Amino acid sequence: MPHYPDAMPGSKALFERARKVMPGGNTRTTVFVDPFPVYAERGEGCRVWDVDGNAYYDCINNFTAMIHGYAHPDVTAAVAGQLPLGTAFGAPTLSEIELAELLVERLP
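As structure tokens, then:
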């Protein structure tokens, strides 16, 4: 069974492509691994697949709090419902009030 980097020709090709348009080949220096980083293609739950079809358990959680994992059905449905209404307004919204109220309800 081939190991890194031989098992990741897709990641190698993407890194070579990225180096032509981004300093260092990526915008997140924390994800660089010599000789090239592993490029993620998709995630579901606690697993991530790279562009070469290798599956991993994600113990990094995007370097933040990904408590719901990737592509959680409830989160996906909420995002899909909001997209037709628009995102990232420069004005206050009802949804931010509702979120704040929910958070306040949960705190003593």
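The opening position of the sequence shown corresponds to residue 13 in my numbering, with each subsequent residue numbered one higher.
C-beta atoms are modelled at their ideal positions from N, C-alpha and C, and glycine is treated no differently.
These numbers were taken from a predicted model, which means no experiment stands behind them.
Beta carbon of L63 nearer than 7 Å to that of E56: Counting from one through the sequence shown, the residue named residue 63 turns up at place 51. Counting from one through the sequence shown, the residue named residue 56 turns up at place 44. For the sequence presented, residue 63 should be read as Val rather than Leu. No, the pair does not count as a contact, with Cβ atoms beyond the cut-off.
Counted within 10 angstroms of its Cβ, other Cβ atoms place F101 as buried (16 or more) or exposed: Residue 101 sits at position 89 when you count from the first residue of the sequence shown. The residue in question, F101, is exposed, as its Cβ has fewer than 16 Cβ neighbours within 10 Å.
L111 burial status per 10 Å Cβ neighbour count (16 or more: buried): Against the sequence shown, residue 111 aligns to sequence position 99. Exposed is the call here.
Neighbour-count burial assignment, S23, 16 or more Cβ in a 10 Å radius: Taking the sequence shown and counting its residues from 1, one reaches residue 23 at position 11. Buried, by the Cβ-count rule.
Beta-carbon proximity check, P47 vs P17, cutoff 7 Å: Here residue 47 refers to the residue found at position 35 of the sequence shown. Here residue 17 refers to the residue found at position 5 of the sequence shown. In this structure, P17 lies closer than 7 Å to P47 by Cβ.
Test item: CB-CB of N38 and A25 under 7 Å: For this step, residue 38 is matched to residue 26 along the sequence shown. For this step, residue 25 is matched to residue 13 along the sequence shown. No, Cβ-Cβ distance for N38 and A25 is not below 7 Å.
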